[in-house]
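A.B. asks: Per UniProt numbering: the sequence shown = residues 1 to 346.
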Amino acid sequence: MNSLWEKVPLLISIVRYLHDYPLVIIKTRNIISLKGWLNIFYQIKISRKDKALIELKNGSKGYCDLECILKFIEFVVFNYESNIPMGLTKLHFKDGKLYYDDNQVVTDTKFTLWFSLSGWIREENGTWYDPKIKIRILYPTFTFYETFYTNVYCIYSVRDREVVDIGANVGGTPIYFALKSARKVYAFEPLPSIYGIALKNVELNNMKDRVVLFNAGVGSKDGKIKVPMNMSVDESIGFSTLSSDKGEVKVPIYSLERIVNEIIKDHYLLKMDCEGCKADIILNTKPEVLSRFEKIIFEYHHYFPSWVKVGKPRTRLRELGYKCRLRVEIIDRAKQDVDTVVYCEK
């Protein structure tokens with residue numbers, strides 16, 4: 001099959017972007033003129049070239065295929081939705097390669113794009129390094145972006161305190177808390193493949209003395225659960241220990257009571273970002289156990305109509321003497337997908 005026609009789905013994706021984000025086509029003119037965009041599509045669609053020569057308004061030139069062009073539009077969407085101030089005119093070609101300021105833009109995935117636009121550098125061995133916050137990771141993921149660039153967890157100081165982190169994923173939040181001078185972070189991740197990545201990320205940042213990782217889930221009761229041995233990072237985002245008991249390996253489920261009584265000494269901050277388990281923990285843990293924490297943060301990912309799922313856990317915490325407030329962020333304007341973070345403290 002002609003390589004051009006294999007890329008038709010990408011062309012459709014571009015059209016959908018422009019349909020879902022009516023301001024995007026206007027904003028892209030800050031980078032490329034409308035005449036320039038028409039010329040690009042002519043080169044690829046009509047002339048059937050694999051790549052098009054792109055000339056930006058700043059005079060720099062480079063070649064882009066359809067994937068690269070799609071990244072241009074993703075950049076504009078990123079600029080439109082991100083909390084990070086971005087300047088469209090900072091995008092330029094140098095020696096035929098795409099740069100943002102002095103940082104080469106890596107367009108392998110959406111997240112490599114986001115991270116390289118945010119100042120991260122892909123090193124020769126494939127790891128990624130941020131010279132501003134001085135951390136190193138295996139590769140960019142949504143959880144690292146969310147943790148370090150949306151200020152989800154900056155509300156409470158953790159200096160010289162202990163944190164229980166339920167839903168560590170690839171290690172973004174435990175590393176964040178350690179960078180914020182937490183004395184100890186006890187982090188739980190049930191999926192072996194994801195836990196392995198978290199371990200390596202913690203090791204890359206020399207934090208093994210302050211971040212203790214458990215290959216385990218957390219619930220209201222002790223137990224075990226079968227989970228997949230190998231699950232991708234993208235798939236892991238929606239994984240729930242409550243709805244899944246299929247897999248090749250058994251991992252333990254620690255009750256919050258066990259963690260409180262046997263593992264931690266300073267009952268300061270409980271952070272939960274685990275699909276399904278947070279409601280189980282908040283609604284079914286003994287009041288005298290749950291209420292020992294000074295502060296609790298939990299997160300819900302959902303669409304607008306299901307925001308009421310936050311109600312019961314928040315009501316329970318209020319009954320235990322916590323004052324709670326919500327932070328709502330739109331993840332996808334077109335789909336009305338939102339992320340709700342609940343902050344509770346005594």
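Where is the CB? At the ideal position from N, CA and C, for every residue including glycine.
(1) Got a sec, what are the start and stop residues for the beta strand (DSSP E) Ile135 sits in?
(2) Sorted by chain position, which residues of the same chain lie with C-beta nearer than 6 angstroms to Trp120's C-beta, five sequence neighbours on each side aside?
(3) Residues in its own chain within less than 7 angstroms of Glu146 by CB, not counting five upstream and five downstream?
(4) Please name the residue, chosen from Gly219, Glu203, Ile253 and Leu213, that lies closest to Lys226 on a Cα-to-Cα basis.
(5) Helix, strand or coil for Cys344 per DSSP?
(6) Assuming Asn206 contacts Glu189 under a Cβ cut-off of 8 angstroms, what Cβ separation, rounded to an integer in Å, is found between them?
(7) Within 10 angstroms of its Cβ, does Val342 collect 16 or more other Cβ (buried), or is it exposed?
(8) Look at the Cβ atom of Val170, then the Cβ atom of Ile135, and state whether they are nearer than 7 angstroms.
(9) Throw me the rounded Cβ distance for the Cys344 and Lys265 pair, which I believe falls under 8 angstroms.
(10) Measuring CA to CA, which of Gly59, Asn58, Ile69 and Lys57 is closest to Lys51?
(11) Grouping DSSP H, G and I as helix and E and B as strand, with all else coil, what is Ile168?
(12) Alpha carbons only, please: which of Asp222, Gly321 and Phe177 is nearest the one belonging to Lys346?
(13) Residues in the same chain with beta-carbon distance under 8 angstroms from Thr285, minus the five sequence neighbours each way, listed in chain order, please.
(14) Taking all protein chains shown into account, do 16 or more other C-beta atoms lie within 10 angstroms of the C-beta of residue 355, making it buried, or fewer, making it exposed?
(15) For the alpha helix (DSSP H) that contains Phe115, what are its first and last residues?
(16) Distance, Cα to Cα, Asp108 vs Gly59?
(17) With distances taken Cα to Cα, identify the nearest neighbour of Ser291 among Leu113, Leu317 and Lys312.
(18) Under a three-way DSSP split, which group does Leu34 fall into?
(19) Given a cut-off of 7 angstroms on the beta-carbon distance, is the pair Arg159 and Lys184 in contact?
(20) Mapping the DSSP letters down to three states, classify Ile25 as helix, strand or coil.
(21) Might you give, ordered along the chain, the residues of its own chain that have their beta carbon closer than 7 angstroms to the beta carbon of Cys64, omitting 5 neighbours on each side?
(22) Look at the alpha carbon of Asp339 and the alpha carbon of Ile263, and state the distance between them as a whole number of angstroms.
(23) Would Phe140 be called buried (16 or more neighbouring beta carbons within 10 Å of its own) or exposed?
(24) Please specify which runs of the beta strand (DSSP E), each continuous and at least 3 residues long, are wholly inside the UniProt domain "Methyltransferase FkbM" (165-323), giving them in chain order.
(25) Excluding five sequence neighbours on each side, which residues of the same chain lie with their C-beta closer than 6 angstroms to the C-beta of Asp273?
(26) Can you tell me which of Ile297, Leu204, Gly62 and Val328 puts its alpha carbon nearest to the alpha carbon of Cys154?
(27) How is Phe148 classed by DSSP in three states: helix, strand or coil?
(28) Distance, Cα to Cα, Val328 vs Lys278?
(29) Provide the residue(s) that pair with Phe93 in DSSP beta bridges, ordered along the chain.
(30) If I measure Cβ to Cβ from Pro228 and keep anything under 6 angstroms in the same chain, skipping five residues before and after, which residues do I get?
(31) From Ala198, Leu91, Tyr176 and Gly276, pick the residue whose C-alpha is nearest to that of Met232; which is it?
(32) By the 10 Å Cβ neighbour count, where 16 or more other Cβ atoms means buried, how is Glu124 classified, buried or exposed?
(33) Give the single residue among Gly96, Tyr176, Val251 and Leu270 whose Cα lies nearest to the Cα of Gly223.
(34) Which residue marks the beginning of the beta strand (DSSP E) containing Tyr129, and which one marks its end?
C.D. replies: In terms of the structure at hand:
(1) Ile135 to Ile137
(2) Trp128 and Asp130
(3) Val152
(4) Ile253
(5) strand
(6) About 20 angstroms; that fails the 8 angstroms criterion.
(7) buried
(8) no
(9) 21 angstroms between Cβ atoms; not a contact.
(10) Ile69
(11) Residue identity check: residue 168 is Ala in the sequence provided, not Ile. Ala168: coil per DSSP, three-state reduction.
(12) Gly321
(13) Ser220, Ser255, Leu256 and Glu257
(14) Limits of the chain in this structure are 1 at one end and 346 at the other, which puts residue 355 out of reach.
(15) Lys110 to Leu117
(16) 25 angstroms
(17) Leu317
(18) Residue placement at Leu34 cannot be trusted, given a pLDDT of 49 that sits under 50; what the coordinates show is reported in the next sentence. DSSP places Leu34 in helix when its eight states are reduced to three.
(19) no
(20) Residue confidence is low: Ile25 scores 49 on pLDDT, short of 50, so the model does not pin down where it sits. Its coordinate-derived value is still stated next. Three-state result, Ile25: helix.
(21) Lys51, Ala52 and Ile54
(22) 30 angstroms
(23) It is worth fixing the name first, because residue 140 is Pro in this sequence and not Phe. Burial call: buried.
(24) 184-188, 211-214, 217-219, 223-227, 249-255, 269-272 and 295-303
(25) Gly167 and Glu299
(26) Ile297
(27) helix
(28) 17 angstroms
(29) Leu98
(30) Gly247
(31) First, the residue type needs correcting, since residue 232 is Ser and not Met in the sequence shown. Ranking Ala198, Leu91, Tyr176 and Gly276 by Cα distance to Ser232 puts Ala198 first.
(32) exposed
(33) Val251
(34) Trp128 to Asp130
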